[in-house]
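Here's the structure we're looking at; comments come further down.
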Amino acid sequence: MPRRPSKPAASRRRSRPKGPGQSAKAKTGQQRLRIIAGRWRGRKLEFADLPGLRPTTDRVRETLFNWLQTQLPGARVLDMFAGSGALGLEALSRGASHLTLVDTAAAAVDQLKQNLRLLDALDDSTLVQASATSWLQQASSEPGYDLVFLDPPYGKGLLADCCEQLNQRQLIRPGGWIYVEAESELQPLPVPANWRLHRQLKAGQGSCYLYQLDDDQ
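The letter at position 27 of the sequence shown is residue 27 when you use UniProt numbering, and the numbering goes up by one with no holes.
Structure follows, in structure tokens:
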């Protein structure tokens with residue numbers, strides 16, 4: 001039987017070129033998150049797969065940013081224990097003017113820098129490799145932050161010290177917002193008296209709380 005002629009090279013199926021933020025498969029040791037809304041809506045970004053790292057789920061992020069939608073345009077945002085950057089990058093996508101990301105893990109910081117470069121957002125951000133507590137001890141109260149994400153590892157006892165430092169050093173602007181994720185059994189939360197609870201949500205093994213700095217206390 002005669003052989004069928006092979007197809008010309010030009011007609012062979014080619015893989016589609018990958019656009020910015022697209023990857024057929026995350027590299028070994030990495031996972032991916034999706035930005036939900038804003039200027040980078042739908043973009044998928046890789047993040048380091050580190051022990052104990054638990055990015056805030058899409059469902060919780062959607063709820064949180066619905067709560068915050070009128071507060072984000074022009075806001076200065078601080079993402080403590082940034083990890084994957086899921087919260088901070090979502091805020092920047094939705095109109096925040098500047099984002100500071102703090103994390104102690106070199107692998108997380110390196111990947112965050114790559115993602116900020118990919119999004120052309122290096123000029124809108126500050127990236128710090130340091131422990132949250134050591135960074136807070138030397139952080140300046142000027143210009144301060146309109147929104148703080150505080151999502152420490154569970155069971156490490158870090159929340160109380162971070163809340164106290166944020167308050168004592170006056171890093172949160174008057175009327176600013178603080179989002180806290182903590183293990184559900186941690187009750188009551190060790191937050192300052194002038195943080196007024198605005199919303200809360202149960203999510204898996206943890207609970208999520210949105211506070212506002214009370215100017216009157």
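Ideal placement from N, C-alpha and C gives every residue a C-beta, glycine not left out.
Beta carbon of residue i, beta carbon of residue j: below 7 Å?
i, j, result
"L159", "P190", "yes"
"I172", "E90", "no"
"L112", "L101", "yes"
"L166", "W67", "no"
"W40", "L119", "yes"
"P51", "A86", "no"
Nearest to residue i by alpha carbon, out of the options?
i, options, result
"T70", "R94, P51 and A182", "R94"
"Q170", "L213, L119, L33 and V128", "L213"
"D124", "E164, Q200, R196 and H98", "H98"
"Y179", "V77, L33 and L116", "V77"
"G175", "G155, D215, S140 and D110", "D215"
"Q31", "F65, S84, A75 and T57", "S84"
With a threshold of 6 Å on Cβ separation, who are the neighbours of residue i within its own chain once the five nearest residues in sequence on each side are excluded?
i, result
"R59", "none"
"M80", "V102, A132 and L150"
Quick check: what's the CA-CA separation for residue i versus residue j?
i, j, result
"L72", "G38", "11 Å"
"P153", "Q138", "22 Å"
"W177", "W135", "20 Å"
"E164", "W195", "11 Å"
"G42", "R117", "17 Å"
"A82", "Q114", "14 Å"
"A108", "A96", "22 Å"
"A106", "L53", "13 Å"
"S140", "G157", "24 Å"
"L33", "G155", "25 Å"
"C208", "T63", "10 Å"
"A75", "F65", "13 Å"
Within a Cβ cutoff of 7 Å, which residues of the same chain sit near residue i, ignoring the five residues on either side of it in sequence?
i, result
"A130", "V102 and T104"
"D161", "T133"
For residue i, I'd like the list of residues in its chain whose CB is within less than 8 Å of its CB, leaving aside the five on either flank, ordered along the chain.
i, result
"R61", "I36, A86, L87 and E90"
"H198", "W67, W177, L210, Y211 and Q212"
"D110", "A48"
Contact between the stretch 135-146 and the stretch 45-57: three or more CB pairs below 8 Å? Touching, no, given that fewer than three Cβ pairs across the two stretches are closer than 8 Å.
Would the stretch 199-209 count as touching the stretch 176-188 if we require 3 or more Cβ pairs under 8 Å? These segments touch.
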